[in-house]
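What follows is one structure encoded as structure tokens, with my remarks underneath.
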Amino acid sequence: MLDDVLDRRLRAHTASETWHLAHPGKLSPVYGSTPRVTIDGEDVLVFDWRNTVRRSAIGLIKETRFTTIPPHVNTAMELNYLYSGSCRYVVDGRQFELTQGDAVLFDTEAVRSVPSKKGENDIVIAITFLQEFFDSVFLASLPGGGILTTFLFESISHRRQRDHAIIVTHEHTGNLPDLIRLLAHEYLFPDVYTEDMLRSYATLVFMELIRALYYQAQLQDPVSNIDDKTARILDHIEHNYKTCTLGSVAREFGYSTNYLGNLLKAKTGETFSQIRLGQQMSEAAWLLLNTERSIEAIAHKVGISNMSFFYRKFELFYQMTPRAYRKALAGAQASRHARANAV
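In the working numbering, the protein residues as written are 1 to 343.
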């Protein structure tokens, strides 16, 4: 019954879709007043989700059919789910097509467009999340060690070093279709406890994505990717990085220290100390960006008492001092907020 109600809502023509059906081949007049920025020499639109997320940290829309969407960036992170049909995207110059059940997660730096019109059956659900939602829910509760956790952190810190989009194909999405439908229905038909339900569904959506990405990666490259045994070890290190040692982790999993050290090096290319230090530096960088704690307090928070060691390693990881890192990223955040407030 819920699926039928949601399906009718999603397939109904919106005012924008009705306009495009009456004006074939024309771009939306809204784009004329949409802010623009220049990225790598290209003039791109800036889509602002403020109105969509006004009542919640989570926003959801159905992407407009019957038109193309020019190159743009979004002011918030966005998850697109192909509810039905297909959709062709161009992201940072790379072209790909998603079909029913596929999902793609964009960060705020992704320049993307939809160069082909979506037809009647091509329905895309777009879900966006504000940064405070990541701070209060995702980064606090999501299991660590997966590509998605790294993706979220790098997106928030604006230090993306890989692709600006992560794709999960329908063969690996597991329970994602059901969770997306539940989230969409809750958002479109709000009731008591809707805000709490949305947060719970959204957290489950990202947990399902983490699991899907893990198994998808294993199938694509079963030799070099981390197996379940190694994943459990890394998960343990990530959750106990402040206090664990190679010896304590080896005892936890019933291995000798030599065996565990060799296993981690073979599977990840890093030693135990490098893995642990990487987690400490990532946590420190996040705390610098998202809290007002002193640098010394942050170092102690991540389990490092030698401040000279902390400064030296942080600068090695991020090519700047902790103070410069905080100042640079705080400035980037302020510029982003100022641009959004000027819309």
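The beta carbon of each residue, even a glycine, is placed where N, CA and C say it ideally should be.
This structure is a prediction, so every number in the text was calculated from the model and none was measured.
Across the structure, Thr268 and Arg94 are spaced so that their CA atoms are roughly 28 Å apart. Listed in chain order, the beta strand (DSSP E) runs fully inside the region 233 to 316 amount to none, counting runs of at least 3 residues.
Taking 7 Å as the cut-off, the beta carbon of Ala12 is found no closer than this to the beta carbon of Glu63.
Nearest neighbour of Tyr81 by Cα position, chosen from Ala22, Thr108, Tyr259 and Leu179, turns out to be Leu179. Secondary structure note for Pro70: its beta strand (DSSP E) is the uninterrupted segment Ile69 to Asn74. Residue pairing by DSSP places Asn80 opposite Val104 and Ala126 in a beta bridge. Annotation for Thr18: the continuous alpha helix (DSSP H) segment containing it runs Ala15 to Ala22.
Burial check for Gln319: the Cβ neighbour count within 10 Å stays below 16, so the residue is exposed. Boundaries of the beta strand (DSSP E) harbouring Ala165: Ala165 to Val168, taken from the DSSP string. Boundaries for Glu186: no beta strand (DSSP E) harbours it, while the alpha helix (DSSP H) harbouring it runs Leu176 to Leu188, taken from the DSSP string. Take Leu21, set aside five residues on each side of it, and the residues of its chain with a beta-carbon closer than 8 Å to its own are His13 and Phe66, in chain order. Annotation: the continuous beta strand (DSSP E) that includes Ser86 extends over Ser86 to Val91. When secondary structure is reduced to three states using DSSP, Gly119 falls in the coil class, being assigned neither helix nor strand. Just so you know, the alpha carbons of Asn258 and Leu277 end up roughly 19 Å apart. Burial is judged here by how many other beta carbons sit within 10 angstroms of a residue's own beta carbon; Lys327 has fewer than 16 and is exposed. Within the same chain, Glu97, Leu98, Thr99, Gln100 and Asp122 come within 8 Å of Ser86 by CB-CB distance, once the 5 residues on both sides are set aside. The C-alpha of Ile298 is placed about 7 Å away from the C-alpha of Leu287.
Burial is judged here by how many other beta carbons sit within 10 angstroms of a residue's own beta carbon; His164 has at least 16 and is buried. By the C-beta density criterion, Ser305 is exposed, having fewer than 16 other C-beta atoms within 10 angstroms. The region 240 to 254 and the region 197 to 212 do not touch, with fewer than three beta-carbon pairs separated by less than 8 Å. Closest option to Leu183, judged by alpha-carbon separation, among Glu171, Met197, Thr173 and Ser282: Met197. In the three-state scheme derived from DSSP, where H, G and I count as helix and E and B as strand, Arg94 is classed as strand.
A check of alpha carbon separations from Ala110 across Leu176, Glu120, Glu42 and Arg8 identifies Glu42 as the nearest.
When DSSP reads this structure, Arg36 sits in a beta bridge with Leu45.
Secondary structure at Val192: coil, using DSSP grouped into helix, strand and coil.
One Cα belongs to Leu260, the other to Thr271, and the distance between them is close to 10 Å. DSSP places Arg112 inside the beta strand (DSSP E), whose first and last residues are Arg112 to Val114.
Within the same chain, Ala285, Leu288 and Tyr318 come within 7 Å of Tyr325 by CB-CB distance, once the 5 residues on both sides are set aside.
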